[in-house]
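Numbering (my numbering), first residue to last: 42 to 187. Working notes, beginning with the structure itself.
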C-alpha cells in the first residue's frame, strides 16, 4: 500500500508518501488464521522466483502454515496488489499483477491430490482460473473436505 502524503498529487512525477508491505489475499488471510488456531489448512496458490515469493514462503513458516499447496513458477512474478491512497486515505488507484494465477490449470492441482484428501480444510486463491476452481471444488466434494 502506498499513501501519498501531499494534497497536491503529481501524475507524472514523484509524490511524497509512505509505503507499507503486508501479506494478504482473503484466502491467505483465512488460511493463516486457521493455522494459528492449529487447524492446518491446505492453501493452494502460486509464487514466482522473486522477493515476494521468498518472503511469502518465509511468512508461511513463521505463522505455522504449510507450503505443500504452493506451485512455483520460474517465468512469472508472485501476485502483487498495490493500493494507492490519497492524502485523505481514500483510494486513488490500485495496480494488480495477478498473471501467475492464469497459469494454474486443473492438471497442475493433481500433484496436491493426496494433500487435498487429507486436509482438514482447503483454502484456494479466488483469482485462480474458473476451471481450476471448479476442479478443486469437485476434488473436495469427493473427499468431504470443507
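By construction, the Cβ of each residue, glycine as well, lies at the ideal position given by its N, Cα and C atoms. Just so it is clear, the structure is predicted and the values come from calculations on it, not from any experiment.
According to DSSP, which residues form a beta bridge with residue 59?
44
Pull up the distance between the alpha-carbon of residue 59 and that of residue 121, whole angstroms please.
18 Å
Inter-residue CB distance, residue 105 and residue 77 (contact presumed, cutoff 8 Å):
7 Å
Can the beta-carbon of residue 119 be found less than 8 Å from the beta-carbon of residue 141?
yes
Which first and last residues belong to the alpha helix (DSSP H) in which residue 101 is found?
92-104
Where residue 164 and residue 110 are concerned, what is the direct C-alpha to C-alpha distance, given to the nearest angstrom?
9 Å
DSSP-derived helix/strand/coil call for residue 165
strand
Which residues does DSSP pair with residue 84 in a beta bridge?
164
Within its chain, find whatever has a CB closer than 7 Å to the CB of residue 72; leave out the 5 residues flanking it on each side and keep chain order.
82, 84, 106 and 164
Assigned secondary structure, residue 181 (DSSP; H/G/I helix, E/B strand, else coil)
helix
Express the C-alpha separation of residue 42 and residue 49 in angstroms, rounding to a whole number.
19 Å
In whole angstroms, what is the alpha-carbon distance linking residue 184 and residue 95?
32 Å
Residue nearest to residue 138 in terms of C-alpha spacing, selected from 153, 127 and 117
117
When we look at the beta-carbon of residue 159 and count the other beta-carbons within 10 Å, is it buried (16 or more) or exposed?
exposed
Rounded to whole angstroms, what is the Cα-Cα separation between residue 178 and residue 156?
14 Å
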